[in-house]
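In what follows, a single structure is set out as structure tokens and then discussed.
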Amino acid sequence: MLPIPAEELNGSGTLGPYWTFYRAVAAEQLDRWLPAEPSVVLDLSGGRGRWSGQAAKAGHRVIEVLDFRRTLDGHSRLHDAGRVRHIRADDLAFLPDGCVDAVLCEERAMSIELMAESAMNDVARVLRPGGRALVCVDSLVLGMAILAEQGQWQHLRQTSEVMLVPWPDGSITRCFSSGQLRELLAGAGLEVEWMRPRTVLSPSTVDHVLGSDARALNYLVRTELEAQPNDDDTVGIHLVASARKS
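Following this note's numbering, the numbering of the sequence shown begins with 14 at its first residue and continues without gaps.
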């Protein structure tokens with residue numbers, strides 16, 4: 014899969030069909046991952062996306078943590094107000110041990126959080142035994158693509174070390190190999206159930222198929238989710254992992 018240009022990564026570029034496909038894959042992955050029984054779900058995705066709303070519609074009670082610097086405007090209307098509780102906080106000190114059944118770390122939350130080890134330890138602390146975490150991070154493929162666009166060639170071979178990549182907007186993202194993501198989860202005492210790129214189908218393939226037949230979206234999503242590229246960090250801009258607390 015060819016790296017996606019940086020200007021496309023927020024979905025504002027020309028790859029509209031690909032991002033439609035990407036969001037459909039992510040939504041279906043979450044539907045399949047959520048607990049079968051009504052549960053308490055902690056969403057650490059920062060108010061970005063519709064993760065809390067999707068979990069609430071599936072019958073779960075959701076605690077959505079927003080960074081204290083973020084506003085609730087434009088987010089609360091997306092959710093079932095009776096099932097989603099919004100909390101402004103920059104850590105999980107307000108939650109007791111073992112109080113939630115599942116934790117969502119979507120929207121690259123652990124890549125934006127540079128102290129990811131500390132944050133993941135907190136995730137493990139608040140999970141009950143048997144609880145699970147779904148984590149999405151930026152991949153080395155993405156990091157190397159951004160560095161290449163910036164002409165930072167001297168850093169492209171340092172893939173065994175922590176890769177911190179500056180974005181044009183001044184933010185920093187931490188990019189992970191599959192091994193580094195596994196270490197992050199295992200270091201917090203979580204057992205990895207599965208790990209994979211979010212998508213392996215290339216933007217050009219998706220664009221070609223959907224351009225020929227817009228009704229093929231469901232077929233593409235099924236094809237993506239039936240692929241088995243476990244631990245493959247040579248494709249895809251994001252890695253997704255599910256981990257369980259024993």
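For each residue, glycine too, the CB sits at the ideal point set by N, CA and C. Note that this is a predicted model, so its numbers are computed, not measured.
Residue of the options minimising C-alpha distance to residue i
i, options, result
"residue 198", "217, 237, 259, 54", "259"
"residue 121", "58, 71, 215", "58"
"residue 140", "95, 202, 177, 186", "202"
"residue 158", "39, 255, 248, 96", "248"
"residue 257", "111, 104, 66", "111"
"residue 103", "113, 96, 128", "128"
"residue 45", "71, 130, 152, 210", "71"
"residue 192", "179, 182, 175", "175"
"residue 48", "179, 233, 113, 162", "113"
"residue 152", "213, 143, 134", "213"
"residue 206", "154, 180, 143", "143"
Exposure of residue i, with buried meaning 16 or more beta-carbon neighbours within 10 Å
i, result
"residue 241", "exposed"
"residue 221", "exposed"
"residue 124", "buried"
"residue 25", "Caution is warranted here: a pLDDT of 45 is assigned to residue 25, below 50, making its placement in the model unreliable, and no coordinate value can be reported."
"residue 31", "buried"
"residue 62", "buried"
"residue 177", "exposed"
"residue 217", "exposed"
"residue 156", "buried"
"residue 225", "exposed"
"residue 184", "exposed"
"residue 235", "exposed"
"residue 209", "buried"
"residue 137", "buried"
"residue 51", "exposed"
Cβ-based neighbour list, residue i, same chain, cut-off 6 Å, excluding 5 preceding and 5 following
i, result
"residue 118", "57, 148"
"residue 54", "68, 73, 75, 115"
"residue 18", "Residue placement at residue 18 is flagged as unreliable, the pLDDT there being 44, under the threshold of 50; the coordinate-derived value follows with that caveat. Here the set comprises nothing."
"residue 135", "105"
"residue 97", "65, 69, 75, 77"
8 Å Cβ cutoff met for residue i and residue j
i, j, result
"residue 252", "residue 42", "no"
"residue 68", "residue 75", "yes"
"residue 65", "residue 145", "no"
"residue 211", "residue 39", "yes"
Same chain, Cβ closer than 8 Å to residue i, neighbours up to 5 away in sequence not counted
i, result
"residue 230", "33, 34, 37, 223"
"residue 107", "100"
"residue 109", "139"
"residue 163", "179"
"residue 182", "none"
Spatial neighbours of residue i in its chain, beta-carbon cut-off 7 Å, leaving aside the 5 residues before and after
i, result
"residue 8", "This structure cannot settle anything about residue 8, because the visible part of the chain is limited to 14 through 259."
"residue 126", "132"
"residue 130", "197, 200"
"residue 219", "30, 31, 34, 233"
"residue 204", "256, 257, 259"
Which runs of the alpha helix (DSSP H), 4 residues or longer, sit entirely within the region 125-188?
129-139, 153-162
In chain order, which continuous runs of the beta strand (DSSP E) of length 3 or greater are located wholly inside the region 193-234?
203-210
Within the region 37-120, ranges of the beta strand (DSSP E) (whole runs, at least 3 residues):
53-56, 74-79, 97-101, 113-118
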